[in-house]
Amino acid sequence: MAPVSLKKLVKRYGALEVVHGIDLEVKDREFIALVGPSGCGKSTTLRMIAGLEDVSGGTIEIGDNVVNDLPPRARNISMVFQSYALYPHMTVGENMGFSLKIAGRPPEEIKEKVADAAAILDLSHLLERRPSQLSGGQRQRVAMGRAIVRRPDVFLFDEPLSNLDAKLRTQVRTEIKKLHARMQATMIYVTHDQVEAMTLSDRIVIMRDGHIEQIGTPEDVFKRPLTKFVAGFIGSPPMNMDDVTVDGGKLVFATGATLPIPPKFRQRLTTGQKVTFGLRPDDFYPTGHGLNSGDAEAVAELQLPVSITEPLGNETLVFVGFNGRDWVSRMLNPRPLPSGQTIKMSFDLLQAHLFDLTTGKSLVA
Amino acid sequence: MKLSRLSAPVLLLFPAFLVLAAVVVVPLALSFYSSFTPFRLTKPESLYVFIGLRNYMTVVSSSDFWVAFGRTVLFLTIALNAEMLLGLGLALLVSKAVRGQRLLRTMMMFPMMFSPVLVGFQFKFLFNDNIGLINNGLQALGLTDQAIPWLINGNLALFSITVAEVWSSTSVFAILILAGLLAMPRDPIEAAHVDGCTPLQTFRYIIWPYLMPFAFIAMTIRSLDVARAYDIVKIMTDGGPAKRTELLWTLVGRTAYGDARMGLANAMAYFAIVLSILFTVYFFRKLAAARQQIGAEW
Ligand SMILES: Nc1ncnc2c1ncn2[C@@H]1O[C@H](COP(=O)(O)OP(=O)(O)O)[C@@H](O)[C@H]1O
Ligand SMILES: [Mg+2]
Chain A
1 MAPVSLKKLV KRYGALEVVH GIDLEVKDRE FIALVGPSGC GKSTTLRMIA
51 GLEDVSGGTI EIGDNVVNDL PPRARNISMV FQSYALYPHM TVGENMGFSL
101 KIAGRPPEEI KEKVADAAAI LDLSHLLERR PSQLSGGQRQ RVAMGRAIVR
151 RPDVFLFDEP LSNLDAKLRT QVRTEIKKLH ARMQATMIYV THDQVEAMTL
201 SDRIVIMRDG HIEQIGTPED VFKRPLTKFV AGFIGSPPMN MDDVTVDGGK
251 LVFATGATLP IPPKFRQRLT TGQKVTFGLR PDDFYPTGHG LNSGDAEAVA
301 ELQLPVSITE PLGNETLVFV GFNGRDWVSR MLNPRPLPSG QTIKMSFDLL
351 QAHLFDLTTG KSLVA
Chain B
366 MKLSRLSAPV LLLFPAFLVL AAVVVVPLAL SFYSSFTPFR LTKPESLYVF
416 IGLRNYMTVV SSSDFWVAFG RTVLFLTIAL NAEMLLGLGL ALLVSKAVRG
466 QRLLRTMMMF PMMFSPVLVG FQFKFLFNDN IGLINNGLQA LGLTDQAIPW
516 LINGNLALFS ITVAEVWSST SVFAILILAG LLAMPRDPIE AAHVDGCTPL
566 QTFRYIIWPY LMPFAFIAMT IRSLDVARAY DIVKIMTDGG PAKRTELLWT
616 LVGRTAYGDA RMGLANAMAY FAIVLSILFT VYFFRKLAAA RQQIGAEW
């Protein structure tokens, strides 16, 4: 039973503040991903939870205890490091059993638990090897094995997949998800890869420059981004965004192109107001090749030139010239489109996002 | 005509071979040969008398030699262990220094900058029973009112020499172990903290195994060094009192130049070299094993 609670958590290195008082309630057995660009303070936050960095302000609670001043060994956590941090002089089996040995468990019990974990992670045939004799993927699994052997309350992961190749990454991602179901433990997972965050977690915490931008389920942060930053960070390919000026019932782009104001925003906008308009590639498609939101009235259509296409098999990413640059669209049931051809594009305005130009906050917040 | 038939590499290396032969191979061969003769410096013609292994027999059956041999091994063991412990402690302290670490690292190397002869003189003065700093200090502190005969009592003299040797060479260990500490990855240490280790357990199970190869490198270097320990002993006690601090090399020196029995001295020297090689091989093996243990990639 271990919820984790961060209250006004601050981290300073000397005069430099890198985490600015963040609040986060992680429920027991929840899988939470901390995601954000490199340098935004994810690792620092995770390491404070682990007890590897001192807390400069605020509190961290694990279960019912404030753990600010407890050393890592007193927090009943496991951590999987980006570099795996295996003990080079121990065999795989010794690596995995080390925490139990330190805890003074009897050798038979250690052997049994290591064997169990090794079976789960398909490491049984490698127990006598040393880390230097393993491949990257195997080392990664040993690091996970070391974490699960002791059945901690909380698992912490710091970019555990970033040293693996793409194929292996997808595979291990699935394994981590299964592991969460099996372990019944709280997991906090740091990554800069939004796909990992989306696929794994119950809730996602999006961080930027030491602040939390948004906390929500994968669906929340994808469909209802609270800020322009979140909208741009989550989703692949990223959301198309451009600044527009409101003029009567229209949004006017810098190059003079216009779109009608999406219905749900009509009451909120006044002529002359400047906002950022955003539309995901899924909601911008060659007419007849998209997921229609069903409201034909909310779909605007424009003739636009194709600049390039990226066929992906079941779908094609079509880059079309709009407002002076390329906007990405996702074309379902694709057909070949020669570059330079002008085609009719649909803007599904029901799915459009508008953000305040100065604060970057979503206008539907 | 004949020269030109040698290949270019051989021709080019020839001068180097010649110099090496002159300064290494010839003296080595000569000394090895002379260990089979009753060669005395005072009787040059004795160099041409071949007596087989008789010098070696004399050495093996000489109790003086075996006492010096045993003392050298003891001295080596004590000095190396003391140096390793002190060096380790010093390295750990310096690695913890947040500020001025560069300065401390440089200062740590000072003892290595002095010639061993100077170190010998310095400690001879420090340990002098009448005017020495140590007795003066002890008396000033009221710990004793006697003049402790540091260099006159046999056991104390060996102790004093060990102190001097340790002082001058602990930095070899300190520097190599510090290099290990600084090169050590942080992650396994942090993993150990998370895995439940106290700082002491972290040292015992994670840090020390990592440092071991570095300690063995220092051991290997130092075992070559100490096994030819001569200068400090020569200056401080010259093997005295009553041969109580006689080490292999002071004995060799005395036999060669004092008694002028060069052939016999050379035979002893070859024993000493074998001892030195044995220590080196031993530590080198340990080093290889420790390196393999930590999966070192060097
Ligand atoms: N030991 C340190 N001293 C000073 N600044 C640090 C230290 N560790 C991290 N930082 C800074 O803190 C910020 C957050 O780092 P980090 O948490 O590692 O980011 P990430 O989100 O990529 O994991 C970065 O700007 C980094 O430069
Ligand atoms: Mg990081």
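Protein sequences, first through last, are from chains A and B.
Going by our numbering, the residue at position 303 of the first sequence is 303; the numbering climbs one at a time, nothing skipped.
Going by our numbering, the residue at position 296 of the second sequence is 661; the numbering climbs one at a time, nothing skipped.
Ideal Cβ placement from N, Cα and C applies to all residues, glycine included.
Residues of the same chain with a CB within less than 8 Å of the CB of residue 53 of chain A, apart from the 5 flanking positions on each side, are 11, 44, 47 in chain order. Inside the stretch 478-528 of chain B, DSSP marks whole alpha helix (DSSP H) runs of 4 or more residues at positions 481-491, 498-505, from first to last along the chain.
Its chain contains 319, 320, 321, 326, 339 as the residues whose beta carbon lies nearer than 7 Å to that of residue 307 of chain A, once the 5 sequence neighbours on both sides are disregarded; these appear in chain order.
Of all residues in the stretch 240-266 of chain A, none has a C-beta nearer than 8 Å to a C-beta of chain B. By the neighbour-count criterion, in which 16 or more other beta carbons inside 10 Å mark a residue as buried, residue 125 of chain A falls on the exposed side. For residue 632 of chain B, the closest alpha carbon among the candidates B:424, B:544, B:382, B:577 is that of B:424. At a cut-off of 8 Å between C-beta atoms, residue 72 of chain A counts as an interface residue with respect to chain B. Per DSSP, residue 42 of chain A is one residue of the alpha helix (DSSP H) stretching across 42-50.
Residue 18 of chain A has its CB nearer than 7 Å to a heavy atom of ligand 1. By the CB criterion at 8 Å, residue 230 of chain A and residue 215 of chain A fall outside the cutoff.
The beta carbon of residue 81 of chain A sits closer than 8 Å to those of 143, 158, 160, all from its chain and outside the five residues before and after it, given in chain order. Rounded to whole angstroms, residue 595 of chain B and residue 614 of chain B show a C-alpha spacing of 6 Å. DSSP places residue 309 of chain A in no alpha helix (DSSP H) but in the uninterrupted beta strand (DSSP E) bounded by 299-311.
The beta-carbon of residue 52 of chain A is placed less than 8 Å from the nearest beta-carbon of chain B. Of all residues in the stretch 548-562 of chain B, the ones placed with a Cβ closer than 7 Å to any Cβ belonging to chain A are 552, 553, 555, 556, 558, 559, 560, 561, 562, in chain order.
Excluding residues up to 5 positions away in sequence, 411, 625, 626, 627, 628 lie with their Cβ nearer than 8 Å to the Cβ of residue 405 of chain B in the same chain. A check of alpha carbon separations from residue 420 of chain B across B:409, B:439, B:397, B:476 identifies B:397 as the nearest. Not one beta carbon of chain A lies nearer than 8 Å to the beta carbon of residue 374 of chain B. For residue 321 of chain A, DSSP records a beta bridge to A:326.
Taking C-beta atoms under 8 Å as the contact rule, residue 453 of chain B and residue 473 of chain B fail to qualify, at a distance of about 13 Å. Contact with chain A is found for residue 571 of chain B, since one of that chain's Cβ atoms lies less than 8 Å from the residue's Cβ. Not one heavy atom of ligand 2 falls within 7 Å of the beta-carbon of residue 228 of chain A. DSSP places residue 178 of chain A in the uninterrupted alpha helix (DSSP H) bounded by 166-183. In the pairwise beta carbon analysis, the stretch 557-564 of chain B is classified as touching the stretch 66-85 of chain A: at least three pairs are separated by under 8 Å. Proximity of residue 574 of chain B to chain A, defined by a Cβ-Cβ separation below 8 Å, is satisfied.
Per the coordinates, the alpha-carbon of residue 635 of chain B lies some 36 Å from the alpha-carbon of residue 573 of chain B.
Taking a Cβ-Cβ threshold of 8 Å, the residues of chain A close to residue 659 of chain B are 88, 89, in chain order.
Against chain B, the CB of residue 187 of chain A has no partner CB under 8 Å away; the residue lies outside that interface. For residue 214 of chain A, the pairing in a beta bridge is given by DSSP as A:206. Here DSSP, grouped into helix, strand and coil, assigns residue 159 of chain A to coil.
Here residue 30 of chain A carries a coil assignment [DSSP, helix/strand/coil]. From the beta-carbon of residue 566 of chain B, the residues of chain A found nearer than 8 Å are 102. At a cut-off of 8 Å between C-beta atoms, residue 79 of chain A counts as an interface residue with respect to chain B.
Between the stretch 260-273 of chain A and the stretch 235-252 of chain A, the count of Cβ pairs shorter than 8 Å is three or higher; the stretches touch. Using a CB distance cut-off of 8 Å, residue 83 of chain A counts as an interface residue toward chain B.
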